[in-house]
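Residue numbers (UniProt numbering): 1 to 124.
We put the beta carbon where it would ideally sit given N, CA and C, even for glycine.
All values derive from a computational prediction rather than experimental measurement.
Data block below; observations after.
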Amino acid sequence: MRSLKNVDIILNAQTTEVKGDGSKVTGLEYRDRVSGDVHSVALAGIFVQIGLLPNTTWLEGAIERNRMGEIIIDAKCETSVKGVFCGGRLHHRTVQTDYHRDRRRGESLPERLRSSDSHQSIRT
Numbered sequence: 001m002r003s004l005k006n007v008d009i010i011l012n013a014q015t016t017e018v019k020g021d022g023s024k025v026t027g028l029e030y031r032d033r034v035s036g037d038v039h040s041v042a043l044a045g046i047f048v049q050i051g052l053l054p055n056t057t058w059l060e061g062a063i064e065r066n067r068m069g070e071i072i073i074d075a076k077c078e079t080s081v082k083g084v085f086c087g088g089r090l091h092h093r094t095v096q097t098d099y100h101r102d103r104r105r106g107e108s109l110p111e112r113l114r115s116s117d118s119h120q121s122i123r124t
């Protein structure tokens with residue numbers, strides 16, 4: 001993706017506002033997590049939440065989590081607390097159907113971007 005001329009990848013960005021005209025995305029405002037500076041970018045498409053950490057800090061000390069904050073579960077989705085289960089994208093196990101679907105989407109992305117006339121920006 002870095003080799004595509006119509007794609008910008010900006011790291012350490014926290015999305016603060018997605019702008020639109022009611023039918024499509026027209027821009028993005030983000031805060032640089034390192035400098036704290038706020039930037040506004042006009043664009044035609046965005047990818048957000050790459051590398052997103054789950055909001056599980058409130059479970060600290062109660063349920064076992066890994067260093068990324070993902071909840072540790074067993075094969076039956078049970079957490080370190082008996083009778084407490086976790087689903088969705090908060091746990092450490094890859095859901096195979098999501099993995100394969102997301103992989104196919106990711107593999108086709110560079111070709112879709114190459115064929116696009118607009119400049120795309122990726123914020124992470």
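Check, Outcome
"Own chain partners of LEU59 with C-beta closer than 8 Å, once the 5 adjacent residues on each side are dropped", "ARG65 and ILE71"
"Extent of the continuous beta strand (DSSP E) to which ILE10 belongs", "7 to 10"
"3 or more residues per run - each beta strand (DSSP E) lying fully within the UniProt domain \"FAD/NAD(P)-binding\" (5 to 88)", "7 to 10, 13 to 20, 25 to 32 and 38 to 42"
"Cβ distance (whole Å) where ASP37 is taken to contact ASN12 below 8 Å", "In fact, because the Cβ distance is near 11 Å, the residues do not count as touching under 8 Å."
"C-alpha gap between residue 126 and GLY87, whole angstroms", "Outside the displayed range of the chain (1 to 124) lies residue 126, so it cannot be described from this structure."
"Distance CB(VAL84)-CB(ILE46) smaller than 8 Å", "no"
"ALA44: CB within 7 Å of a non-hydrogen atom of the ligand FAD", "Here there are no bound small molecules, and the ligand FAD is not part of this structure."
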